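Q: Residue 59 in numbering that gives the first Met the number 0 sits at position 60 of the sequence shown; the count goes up by one each step and never skips.
For every residue, glycine included, the Cβ atom is placed at its ideal position computed from N, Cα and C.
This one's a predicted model, so the numbers in the text were calculated from it and none came from an experiment.
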Amino acid sequence: MRRIDELHLLYPFAGSRMLRDLLWQEGMAVGRLHVATLMKRMRIEAIYRRPNTSKPAPGHKVYPYLLRKLAITRPNQVWATDITYIPMARGFVYLVAIVDWFSRRVLALRVSISLNVVFSIEALEEALTRHGRPAIFNSDQGSQFTSVAFTAVLRREKIAISMDGKGCWRDNVFVERLGRSVKYEEVYLHAYASVPEARASIGRYIGFYNAVRPHSALGGRTPDQIYFEQPLLAAA
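1) Just the Cα atoms here: how many angstroms apart are Gln140 and Tyr62?
2) What do you reckon, are the CB atoms on Val116 and Phe91 nearer than 8 Å?
3) Would you say the region 31-41 touches the region 204-213, given that touching needs at least three Cβ pairs under 8 Å?
4) How should Met27 be labelled, buried or exposed, when 16 other C-beta atoms within 10 angstroms of its C-beta is the threshold for buried?
5) For Arg109, which residues from the same chain have a beta carbon less than 6 Å from its beta carbon, with the 5 sequence-adjacent residues on both sides left out?
6) What's the call for Ile112, buried or exposed, on a 16-neighbour Cβ count within 10 Å?
7) Applying the 10 Å Cβ sphere with the 16-neighbour rule, what's the burial state of Arg89?
8) When you compare only the Cα positions, how much space is there between Arg103 and Pro222?
9) Tell me which residues share the same chain as His7 and place their Cβ nearer than 6 Å to its Cβ, disregarding the 5 neighbours each side in the sequence.
10) Restricting to Cα atoms, I'd like to know which of Arg67, Leu69 and Phe12 is closest to Ala45.
11) Is Phe12 helix, strand or coil when you go by DSSP?
12) Tell whether a beta-carbon distance below 8 Å holds between Trp78 and Phe144.
13) Quick one: residues in its chain with C-beta nearer than 8 Å to the C-beta of Leu114, no 5 flanking neighbours on either side, listed in chain order?
14) Going by C-alpha distance, which of Ala197, Leu69 and Ser193 is nearest Val181?
15) Could you round the C-beta distance between Leu217 and Val105 to whole angstroms and report it? I think they count as a contact, below 8 Å.
16) By the DSSP assignment, the alpha helix (DSSP H) with Val34 in it spans what residues?
17) What span of residues does the alpha helix (DSSP H) with Ala126 cover, start to end?
This is the structure:
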């Protein structure tokens, strides 16, 4: 799974068949169906199709995508979220992050050993408590984010709910880029021995990502500089 994750970042267009062949080239004899199963567990798939794990559960409401052609001009206008697979020395965990779209600042995160809605709600509640509320909240169509429990928090706060169009990987591209940075600049440089170690080390990296790491998309400034130097207007 660790190698599949690395290959997926290098070749995001590769489906299970191509990944199987790439693994065979490296001496890993694995079947296509097993590769597809692992990809589903990791919430990844080729960019031309939305992962199976990003399909809503039966009965879950899917909301329209609200960001197309929308000018995002200030912090707390739009927040976004995604769940990322994180490999450890043995096993793996999942990372969920709440990100301010305008500044790229990570507002809250949680690490979990399983894909359940609880850790996503905890991250959302922390972001709301610490930073107020956005006008719009965007996610993919994964069952965690379409669940009644998760959307109830957004509706309670009167936040407009936006969800990526099916198969439109670019809709949440800023959060996807965060996951890429976390892996290349933090996760792949370490072999976490435990979940607490993974949680602490990733937390330190996010502190660096927000306050120290210059971002070319922000003109060399940090997310903290952009987020805190702009007026935080109340949601419409």
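A: Looking at the coordinates:
1) Cα to Cα, Gln140 sits roughly 8 Å from Tyr62.
2) No, the Cβ-Cβ distance between Val116 and Phe91 is not below 8 Å.
3) no
4) Around the CB of Met27, fewer than 16 other CB atoms lie within 10 Å, so the residue is classed as exposed.
5) Cβ contact annotation for Arg109 (same chain, cutoff 6 Å, sequence separation greater than five): Val95, Phe118, Glu121 and Ala122, in chain order.
6) exposed
7) exposed
8) 6 Å
9) Ile43
10) Phe12
11) In the displayed model, Phe12 falls within coil according to three-state DSSP, outside both helix and strand.
12) no
13) Arg42, Thr52, Ile82, Tyr93 and Gln143
14) Ala197
15) With a Cβ gap of about 14 Å, Leu217 and Val105 do not count as contacting.
16) Arg31 to Met41
17) Val116 to His130
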